[in-house]
Amino acid sequence: MIAPMSAPTPDEDRLDPRLLRVAAVVVLGTFMSILDTTIINVAVRGLSRDFHTPLATTQWIATGYMLALATVIPLTGWAADRYGTKRLYMTAILLFLGGSVLSGAAWSMPTLILFRVLQGLGGGMIMPTGMTILSHAAGPRRMARLMGIIGVPMLLGPICGPVLGGWLVDDVSWRWIFFVNLPIGAIALYAAGRVLDPDRPGPHHALDWRGLLLLSPGLAIFVFGLARIAAAGNFGTRAGDSAAGAGLALVVAFVMHALRHRDPLIDVRMFGRRTVGASALTTFLFGTAFFGMSLILPLYFQIVRGEPAFDAGLLLAAQGIGAMVSMPLAARMTDRIGAGRVVLTGLGCVAAGMLALSRIASTTPFWVIEPMLFMIGLGMGATMMPSMSAAMSTVPRHQIARTTSGLNVVQRVGGSIGTALLAVVLGHEISRAGASAHGGLAPALNQAFDHTFLWSFAIILLAVCPALFLPRKRTSTRSGEPESAPLPAID
């Protein structure tokens, strides 16, 4: 396990300057990776135009990045234990910056996709490693409050990313979508070297190679299959169905292996703990609905409403603002009443916003749509961080790194599935809209998006079920949960 050289006393509630400096280092790296993701969402159509490639090909810029994330995240927990969180965090930033430089210099769509994969290998390690660093530094009593504070600057990514990306694509150059990471990454790298304490690694275990060869390719092949299905617009394609089935089989094989292995890549037994299991399933379903919708919303503004990328980005900023408003309050309320009530409130806000979006028309004024996006943002801020911090506050200290890694795998896989699933749904709905657009194409296309938003709403309702099992009172120790709390263990 990793034991920092100077860790704060777990019972100390004060957020001291040293802890805030560590948090600032983590925020810089995480902000960079979030900014990169949100910039891409509004730039897909512009990149397709500049490279003269169809949208189905250009989408691999995002899909390849997600595949890289799904592949590398399972390694993060082991690598943090083996090499130390500081060294791993700085390596991840360097890899991300290298991928950014190469992506900005790409000369064709295939090379851009390849370099995005490289960028994703670094980006996939930044957030889970940063969360592990914070968990070690803060202790359980301060973690929820700290997450609320650092979440605010991190949410500048979802606010600035769409606006900045739209402006760069429309008026400057798509290459600066990637080059913009360089100054942020350089500062983060320098600050990490100066602020973070070197880890003092304790006993570490050998890498679970068999688990790695099952899980990482399994996740990648599964997401690849979903992407092929999405590109084809239906579930009847042999390549997509075969890949998704094979990937799922590998993931199931990994689960069986992990249940028997003494020290697996991801200890799936941890999901048998009530809070961790509830957090994982809530995070998965929320990620499926929210990140899938994050791809659909920019396309709605650009395709149905005819807005340029920059204006679409401005319209999307309401979501990030809503999350920025709610996250600090959600952190304080989690400290007082527990994550369960906070997350349920957040899911209610997201569900209300998504249901309202599914009822809009092609002529609905933007001043009516913006409060819906703001409401979804409020819910996001009250759902993601409280759910994950509740899980990390109830595991033993030596399991923090791998728990963080496991939760991030769940979140990324949920987001990948949501993106592919909603793309399939939208493709079917748009095909139907084109064939039955007797009342005009814009209203028919609008209806296609409305139906897709309704799918997101339904998935959010499913997320309420596991959220009911999150703690309804403050968690003050890592010693575990009551004997009556855990879900049945998997033998």
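Per numbering that gives the first Met the number 0, the sequence shown starts with residue 0, numbered consecutively.
Beta carbons: idealized from backbone N, C-alpha and C, even for Gly.
Whole-angstrom distance between residue j and residue i, CA atom to CA atom
i	j	result
Ala436	Val424	With a pLDDT of 47 at Ala436, under the threshold of 50, the predicted position of this residue should be treated as unreliable, though the coordinate-derived value follows. Cα to Cα, the separation comes out at about 18 Å.
Met417	Leu225	Residue 417 is actually Gly in this sequence, not Met. Computed Cα separation, rounded: 10 Å.
Arg174	Arg227	27 Å
Leu27	Gly123	15 Å
Thr362	Leu377	25 Å
Trp59	Ile112	6 Å
Gly515	Phe178	Nothing about residue 515 can be read from this structure; the chain reaches only from 0 to 490.
Ile72	Ser278	18 Å
Ala2	Pro127	Unreliable positioning characterises Ala2 in this predicted model, as indicated by a pLDDT of 45, which lies under 50. The coordinate reading is nonetheless provided below. Roughly 17 Å between the two C-alpha positions.
Met65	Arg411	7 Å
Ala457	Ala355	13 Å
Val342	His51	44 Å
Pro487	Arg273	In this prediction, Pro487 scores a pLDDT of 34, lower than 50, which makes its location untrustworthy; no coordinate-derived value is stated.
Ile302	Ser357	16 Å
Ile336	Ala330	10 Å
Asn180	Met89	15 Å
Asn407	Ser99	22 Å
Gly438	Asp169	Low local confidence applies: a pLDDT of 48 at Gly438 is under 50, so the model's placement there is unreliable, with the coordinate-based value given in what follows. So the two alpha carbons sit approximately 32 Å from each other.
Ala205	Ala422	40 Å
Arg471	Thr281	15 Å
The alpha helix (DSSP H) enclosing residue i, as first and last residue numbers
i	result
Ser388	383–391
Gln318	308–336
Arg81	59–82
Pro370	365–380
Thr37	16–50
Ser278	273–298
Pro157	155–170
Ala187	180–194
Sub-9 Å separation of residue i and residue j beta-carbons
i	j	result
Gly312	Gly414	no
Gly184	Leu96	yes
Ala322	Met391	no
Thr29	Val43	no
Ala308	Leu372	no
Lys85	Leu188	no
Met130	Val25	yes
Gly246	Pro216	yes
Leu461	Leu284	yes
Glu369	Leu314	yes
Val250	Leu214	yes
Ala419	Met353	no
Ser79	Ile125	Looking at the sequence provided, one finds Ala at residue 79 rather than Ser. The answer is no: Cβ separation not under 9 Å.
Proximity test, residue i beta-carbon vs the ligand SAM heavy atom, cut-off 8 Å
i	result
Arg261	The ligand SAM is absent from the structure shown, which contains no ligand whatsoever.
Of the residues the options, the one placed nearest residue i, counting alpha carbons only
i	options	result
Pro327	Gly337, Ala381, Gly352, Phe300	Ala381
Val463	Ala419, Thr393, Ala338	Ala338
Gly63	Gly210, Met89, Gly192, Gln118	Gln118
Leu46	Tyr299, Trp166, Phe221	Trp166
Ile176	Ile186, Pro442, Leu101	Leu101
Leu218	Arg193, Ile186, Ala252, Asp198	Ala252
Ser134	Met332, Pro395, Trp366, Ile320	Pro395
Ile33	Asp198, Gly164, Tyr82, Asp49	Gly164
Should the region 396–408 be regarded as contacting the region 341–349, the criterion being three or more beta carbon pairs within less than 8 Å?
Because the criterion of three Cβ pairs below 8 Å is not met, the region 396–408 and the region 341–349 do not touch.
Is there contact between the region 287–307 and the region 253–271, where contact requires at least three CB pairs shorter than 8 Å?
Short answer: they don't touch.
Are the region 445–457 and the region 250–257 touching, with three or more C-beta to C-beta distances below 8 Å?
No, because fewer than three Cβ pairs between the region 445–457 and the region 250–257 fall closer than 8 Å, the two stretches do not touch.
Check whether the region 385–393 touches the region 31–38, counting contact only when three or more Cβ pairs, one atom from each stretch, lie closer than 8 Å.
No, the region 385–393 is not in contact with the region 31–38.
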